[in-house]
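Below: the structure, in structure tokens.
2 protein chains.
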Amino acid sequence: MAESKITKRSEDYSRWYTDVIAAAELADYAPVKGCMIIRPNGYAIWEKMQQALDRMFKETGHQNAYFPLFIPESFLQKEAEHVQGFAPEVAVVTHAGGSKLDEPLIIRPTSETIIWNTYRNWIQSYRDLPLLLNQWCNVVRWEMRTRLFLRTTEFLWQEGHTAHATYEDAEEEALRILGIYRRFSEDYIALPVIEGLKTETEKFAGAHHTYSIEAMMGDGKALQAGTSHHLGQNFAKAFDVTFQTEKGNREYVYATSWGLTTRMIGALVMAHGDDNGIVIPPRLATTQVVVVPIFRKPEERERVIQAVENFTAPFSGAGIGFKIDVRDQYSPGWKFNDWEKRGVPLRIEVGPKDLEKNQVVLARRDNGQKSPASQEDLAQTVLNTLETIQKSLFERARDFRDKHSYRIDDYSKFNEILDREGGFLWSHWCGSGECEERVKDDTKATIRNIPMHSEAEEGKCIKCGSRSERRVIFARAY
Amino acid sequence: MAESKITKRSEDYSRWYTDVIAAAELADYAPVKGCMIIRPNGYAIWEKMQQALDRMFKETGHQNAYFPLFIPESFLQKEAEHVQGFAPEVAVVTHAGGSKLDEPLIIRPTSETIIWNTYRNWIQSYRDLPLLLNQWCNVVRWEMRTRLFLRTTEFLWQEGHTAHATYEDAEEEALRILGIYRRFSEDYIALPVIEGLKTETEKFAGAHHTYSIEAMMGDGKALQAGTSHHLGQNFAKAFDVTFQTEKGNREYVYATSWGLTTRMIGALVMAHGDDNGIVIPPRLATTQVVVVPIFRKPEERERVIQAVENFTAPFSGAGIGFKIDVRDQYSPGWKFNDWEKRGVPLRIEVGPKDLEKNQVVLARRDNGQKSPASQEDLAQTVLNTLETIQKSLFERARDFRDKHSYRIDDYSKFNEILDREGGFLWSHWCGSGECEERVKDDTKATIRNIPMHSEAEEGKCIKCGSRSERRVIFARAY
Numbered sequence: 001m002a003e004s005k006i007t008k009r010s011e012d013y014s015r016w017y018t019d020v021i022a023a024a025e026l027a028d029y030a031p032v033k034g035c036m037i038i039r040p041n042g043y044a045i046w047e048k049m050q051q052a053l054d055r056m057f058k059e060t061g062h063q064n065a066y067f068p069l070f071i072p073e074s075f076l077q078k079e080a081e082h083v084q085g086f087a088p089e090v091a092v093v094t095h096a097g098g099s100k101l102d103e104p105l106i107i108r109p110t111s112e113t114i115i116w117n118t119y120r121n122w123i124q125s126y127r128d129l130p131l132l133l134n135q136w137c138n139v140v141r142w143e144m145r146t147r148l149f150l151r152t153t154e155f156l157w158q159e160g161h162t163a164h165a166t167y168e169d170a171e172e173e174a175l176r177i178l179g180i181y182r183r184f185s186e187d188y189i190a191l192p193v194i195e196g197l198k199t200e201t202e203k204f205a206g207a208h209h210t211y212s213i214e215a216m217m218g219d220g221k222a223l224q225a226g227t228s229h230h231l232g233q234n235f236a237k238a239f240d241v242t243f244q245t246e247k248g249n250r251e252y253v254y255a256t257s258w259g260l261t262t263r264m265i266g267a268l269v270m271a272h273g274d275d276n277g278i279v280i281p282p283r284l285a286t287t288q289v290v291v292v293p294i295f296r297k298p299e300e301r302e303r304v305i306q307a308v309e310n311f312t313a314p315f316s317g318a319g320i321g322f323k324i325d326v327r328d329q330y331s332p333g334w335k336f337n338d339w340e341k342r343g344v345p346l347r348i349e350v351g352p353k354d355l356e357k358n359q360v361v362l363a364r365r366d367n368g369q370k371s372p373a374s375q376e377d378l379a380q381t382v383l384n385t386l387e388t389i390q391k392s393l394f395e396r397a398r399d400f401r402d403k404h405s406y407r408i409d410d411y412s413k414f415n416e417i418l419d420r421e422g423g424f425l426w427s428h429w430c431g432s433g434e435c436e437e438r439v440k441d442d443t444k445a446t447i448r449n450i451p452m453h454s455e456a457e458e459g460k461c462i463k464c465g466s467r468s469e470r471r472v473i474f475a476r477a478y
Numbered sequence: 479m480a481e482s483k484i485t486k487r488s489e490d491y492s493r494w495y496t497d498v499i500a501a502a503e504l505a506d507y508a509p510v511k512g513c514m515i516i517r518p519n520g521y522a523i524w525e526k527m528q529q530a531l532d533r534m535f536k537e538t539g540h541q542n543a544y545f546p547l548f549i550p551e552s553f554l555q556k557e558a559e560h561v562q563g564f565a566p567e568v569a570v571v572t573h574a575g576g577s578k579l580d581e582p583l584i585i586r587p588t589s590e591t592i593i594w595n596t597y598r599n600w601i602q603s604y605r606d607l608p609l610l611l612n613q614w615c616n617v618v619r620w621e622m623r624t625r626l627f628l629r630t631t632e633f634l635w636q637e638g639h640t641a642h643a644t645y646e647d648a649e650e651e652a653l654r655i656l657g658i659y660r661r662f663s664e665d666y667i668a669l670p671v672i673e674g675l676k677t678e679t680e681k682f683a684g685a686h687h688t689y690s691i692e693a694m695m696g697d698g699k700a701l702q703a704g705t706s707h708h709l710g711q712n713f714a715k716a717f718d719v720t721f722q723t724e725k726g727n728r729e730y731v732y733a734t735s736w737g738l739t740t741r742m743i744g745a746l747v748m749a750h751g752d753d754n755g756i757v758i759p760p761r762l763a764t765t766q767v768v769v770v771p772i773f774r775k776p777e778e779r780e781r782v783i784q785a786v787e788n789f790t791a792p793f794s795g796a797g798i799g800f801k802i803d804v805r806d807q808y809s810p811g812w813k814f815n816d817w818e819k820r821g822v823p824l825r826i827e828v829g830p831k832d833l834e835k836n837q838v839v840l841a842r843r844d845n846g847q848k849s850p851a852s853q854e855d856l857a858q859t860v861l862n863t864l865e866t867i868q869k870s871l872f873e874r875a876r877d878f879r880d881k882h883s884y885r886i887d888d889y890s891k892f893n894e895i896l897d898r899e900g901g902f903l904w905s906h907w908c909g910s911g912e913c914e915e916r917v918k919d920d921t922k923a924t925i926r927n928i929p930m931h932s933e934a935e936e937g938k939c940i941k942c943g944s945r946s947e948r949r950v951i952f953a954r955a956y
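Listed in order, the protein sequences are those of chains P and W.
If you count by our numbering, then the first sequence holds residues 1 to 478, one letter each, in order.
If you count by our numbering, then the second sequence holds residues 479 to 956, one letter each, in order.
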């Protein structure tokens, strides 16, 4: 295996990102432009993410299903905004089984159309509502500029599609999911996010309105980490999905949809990684702990390995994912480096001198701190340390974000900060798409969202000076 | 919800199958010909299957990864047999992002080509071997005649792809997986299977040889339930994947691949279903138990529900998946029928008279037996009963298969039995593709496999009378 060198983060952030992914063996580019191969180390993170999210979806009454990859081209046309948003980036199957197809099929870029075409058959009465489905699948959007995990032609995601009797029920669902996304980001990825409303320009093509969670990456840029859409009755009208109300009227059904993708692996890399590589938050790490036995002489080897086997014996039962690195062809130092670049949150070093003191040395991946720990009750110490690391990663990311968040009321200052360090600029905005567009043209910054939990505050639009009622978040984004 | 009537199994097996799937809400046909929508009840079975298999793969050292949906058309051409087998049934993307593609992309019908093109970069030395990967994904094969779960244009599956230093290592892997498939079928689907070698005609396009597990359905027809292929060095040669041996030579890598698909849901339906609908083996049921409280007067309702809450309190902790059906608008009889057609393995009925005796009534889905059980320690009784049901389903399917298995040495008898009842015909075969083909033309029966655990026995080919060394299984198959 070739030694992989990681470019310093401060030197070239973009190359650092690529190098970290290569060093940790998370993903490769595929022979088809813009597609990626998710390697076992990357896929293991996705599996942990799936498990956590899937559990939260099921706890809130959602069920999984599977809808087809292929969508008749005509379906896309049925919702006017939707087709405008997605038609330019679809992949089209024109031939199959050796013949030209009568109607071309598009590969799903998202599944609202095929699902709402199906819901017409499934929903008749208010008794059939709410319908709360989710699917885990691949989707395809033909992107020109791609980057591993962050923007790829094919990606994996979950897409939820729910149907409700009233606007209020759909709104509650859209917000419930936004809350799940926030908790998932914060509790698992250790990534603080800001919940808010997307502007009209930035909302999902076909939505009534869109909510998002927005996170800050290690270079000060923003990343949209998940979106939850209130679709109103748009898709029900496009696919003629009505239901009989309790009072006996027929009404169109209200809808939500929401998705979170493999780009979150990229977010994890950029939020926590350092010059030594990726750092995986303990709750998403399959290997949470690596044990590196240290010895020089053969007779030491046996004693050390024996001790390792003793103190790791309770680990599995305690739910700790761990590996013991007994590869004789590598030095301890080489192993330290190897596991660091793979992001294993905690390393346990143990040598003959530690045995004398009945201790081990714990080395934290997040901050490099080393500290001795007793071999007694080590499983509990390890669990506590993993929780501490999980919490520290979150706090460090939150502190970083707060340090790079600014209340800006001056447009030249706005530009200056963006150029210098990126960051989140909390500025006033009058609400016009025109100002939004002009700021983007001037600075490449977009409105990430209109935060939901910020206080109302009178002010003047950063661009035009008109009256504004609250600050929004401007940032350059992935 | 429309009442769905199930055709009697004895009347029209094929319609019965379709009706059972509709009644249990397992799947629907999609608007695109041959594609299916897997509904929540069907997908829940698939999730349970995935969990069981995935655990077995991981316990034997396999990791999951994800390779792209799109394969450059030229890749398929590189292995001569492979292209012959798959080219006629691929779906082709010719346009994407608004332009015609330079090279058409096929939607993976299986991933050997894209994976072995990647392995060329990942495998250099014997130290990189074995490489044991699996992926869960969708694949597309353009089929003319489709049937829900059994044969659909798009289906879900897992495909394992492993790389080994020697022929023997690959052989061991192919057989290890065959064993996992067998245990999975028997222990989870409660479906007895016969392990064996496919004939040259029936092996995977590109394999050195193929193993399969074969099961008998309720109409006496065979169903291939899983295949494990020893690919020899075929794909390594096609994609130039070599490794440095311990001695320093360069050699081509040996390969296996293996897959199991959503057709197993169809197998489950056909193996255990009856005139009342599907029967889900307890280990694959999300809802293993449904509790139907019975009462006439409002004051009874409260007492019964209270008792139900008491005796079900320990269920979750005991790992029992259960539901309490408190829908007031339906009668107990209607509910019994509703849960029967959904295949819930065990029903608990409880009414005021049961309360007096501190008991409930257990009704088994597999055989309709009802028996009283004490409310004391009911969780344990339920667990035991679920195990009994799991075992009984297996035994019933095995007895059915054995009853419809025949040692046949006479060709007119062979035809007669096939026409009368299907079944597995253990007959002698000389080994020639010509005899195999002629039997198929005469009778529509194919050689399912050459069983591995049957004894050698001298005999004469059922078709040509030439010398034969063992019996093989002939059957009509799905």
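Note that the Cβ used here is the ideal one computed from N, Cα and C, for glycine as well.
Bear in mind the structure is a predicted one, so any value in this text is a computation, not a measurement.
- Residues of the segment 70-86 of chain P with a C-beta atom less than 9 Å from some C-beta of chain W are Phe-70, Ile-71, Pro-72, Phe-75, listed in chain order.
- When the Cα atoms are used, Ile-417/P and Gly-226/P turn out to be separated by approximately 26 Å.
- The beta-bridge partner set that DSSP reports for Asp-752/W consists of Gly-755/W.
- Boundaries of the alpha helix (DSSP H) harbouring Thr-312/P: 298-312, taken from the DSSP string.
- By the neighbour-count definition (other C-beta atoms within 10 Å, threshold 16), His-639/W is a buried residue.
- Contact annotation: in the segment 488-515 of chain W, residues whose CB is within less than 8 Å of a CB in chain P are Asp-506, Ala-508, Pro-509, Val-510, Cys-513, Met-514, Ile-515.
- For Pro-40/P, a Cβ of chain W is located within less than 8 Å of the residue's own Cβ.
- When the Cα atoms are used, Leu-607/W and His-540/W turn out to be separated by approximately 12 Å.
- For Arg-183/P, the secondary structure class from DSSP, reduced to helix, strand or coil, is helix.
- Comparing C-alpha distances from Phe-717/W to each of Ser-794/W, Glu-787/W, Ile-593/W shows the shortest one belongs to Ile-593/W.
- Within chain P, the residues whose beta carbon sits less than 7 Å from that of His-573/W are Val-92, Thr-94, listed in sequence order.
- Of all alpha-carbon atoms in Tyr-126/P, Ile-280/P, Lys-353/P, Ser-392/P, the one lying nearest the alpha-carbon of Lys-341/P is that of Ile-280/P.
- Put simply, the CB of Tyr-956/W is far from chain P, with every gap to its CB atoms at 8 Å or more.
- Met-270/P counts as buried, since no fewer than 16 other beta carbons sit within 10 angstroms of its beta carbon.
- In the DSSP assignment, Phe-235/P falls within the alpha helix (DSSP H) that extends over 234-238.
- Excluding sequence positions up to five before and after Glu-103/P, its CB lies within less than 7 Å of the CB of Pro-72, Glu-73, Ser-74, all in the same chain and listed in chain order.
- For Glu-154/P, the enclosing beta strand (DSSP E) starts and ends at 154-164.
- When C-beta distances to chain P are compared with 8 Å, the residues of the segment 585-598 of chain W below that value are Ile-585, Ile-592, Asn-595, Thr-596, in chain order.
- Flagged as an interface residue toward chain W: Trp-142/P, by a C-beta distance shorter than 8 Å.
- Within the segment 261-277 of chain P, no residue has a Cβ lying closer than 7 Å to any Cβ of chain W.
- Annotation for Tyr-43/P: no residue places its beta carbon closer than 8 Å to its own, counting only its chain and skipping 5 residues before and after.
- Non-local C-beta neighbours of Thr-261/P in its own chain, meaning closer than 6 Å and more than five positions away in sequence, comprise Phe-155, Trp-157, ordered along the chain.
- Residue-level contact by beta carbon holds for Ala-65/P and chain W, with a gap shorter than 8 Å.
- With 16 or more other Cβ atoms from the protein chains shown falling within 10 Å of its own Cβ, Arg-347/P counts as buried.
- DSSP places Val-291/P in the uninterrupted beta strand (DSSP E) bounded by 289-293.
- Ile-516/W places its beta carbon 8 Å or farther from that of Leu-547/W.
- A Cβ of chain W is located within less than 8 Å of the beta carbon of Glu-154/P.
- Using beta-carbon distances, Tyr-330/P does not count as an interface residue toward chain W, since no partner is under 8 Å.
- If you check the CB distance, Ser-870/W and Asp-844/W come in under 8 Å.
- For Trp-594/W, the enclosing alpha helix (DSSP H) stretches over residues 590-600.
- Under a criterion of Cβ atoms nearer than 8 Å, the residues of chain P adjacent to Pro-566/W are, in order, Gly-97, Gly-98.
- In this chain, the alpha helix (DSSP H) harbouring Arg-898/W covers 889-899.
- A distance below 6 Å between beta-carbons, with the five flanking residues on each side excluded, links Ile-194/P to the following residues of its chain, in chain order: Glu-214, Pro-451.
- Contacts with chain W at 8 Å (Cβ-Cβ) do not include Tyr-126/P.
- Using beta-carbon distances, Pro-608/W does not count as an interface residue toward chain P, since no partner is under 8 Å.
- Gly-710/W is classed as buried because its beta carbon has at least 16 other beta carbons within 10 Å across all chains shown.
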